[in-house]
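Undergrad: Under the numbering used here, the first residue of the sequence shown is numbered 3, with each subsequent residue one higher.
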Amino acid sequence: MVLELYKKVKSNKGSGGVEGKNLESYPENLSSNLYKLWNRLTSGSYYSKAVLELEITKKNGSKRK
Numbered sequence: 003m004v005l006e007l008y009k010k011v012k013s014n015k016g017s018g019g020v021e022g023k024n025l026e027s028y029p030e031n032l033s034s035n036l037y038k039l040w041n042r043l044t045s046g047s048y049y050s051k052a053v054l055e056l057e058i059t060k061k062n063g064s065k066r067k
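(1) From what residue to what residue does the alpha helix (DSSP H) around Val4 run?
(2) Would Lys12 pass as a contact of Leu32 if the rule is Cβ separation under 8 Å?
(3) Measure the Cβ-Cβ separation of Leu36 and Tyr8 and say whether it is below 8 Å.
(4) In whole angstroms, give me the CA-to-CA distance for Glu2 and Leu43.
(5) Below 8 Å on the Cβ atoms is my contact criterion, and I expect Glu57 with Lys65 to pass it. Report the Cβ-Cβ distance as a whole number of Å.
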């Protein structure tokens with residue numbers, strides 16, 4: 003599942019996100035990188051970093067976070 007999601011992000015030209023990882027260097031050791039990610043996800047030791055909350059203006063002028 004992690005490999006499928008990686009391929010989907012790569013095909014959509016997604017970004018590395020708040021962890022600072024970039025997709026250009028990730029494939030250099032792909033199986034090890036994906037295993038480490040999978041292991042952290044399944045063990046419950048993965049916690050994403052906080053992200054900046056922005057308000058987006060909607061068409062009617064109201065805002066949402």
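Even glycine gets a Cβ: it sits at the ideal position worked out from N, Cα and C.
TA: From the atom records:
(1) Val4 to Ser13
(2) no
(3) yes
(4) Residue 2 cannot be examined here, being either before or after the span of the chain that is shown, 3 to 67.
(5) 4 Å
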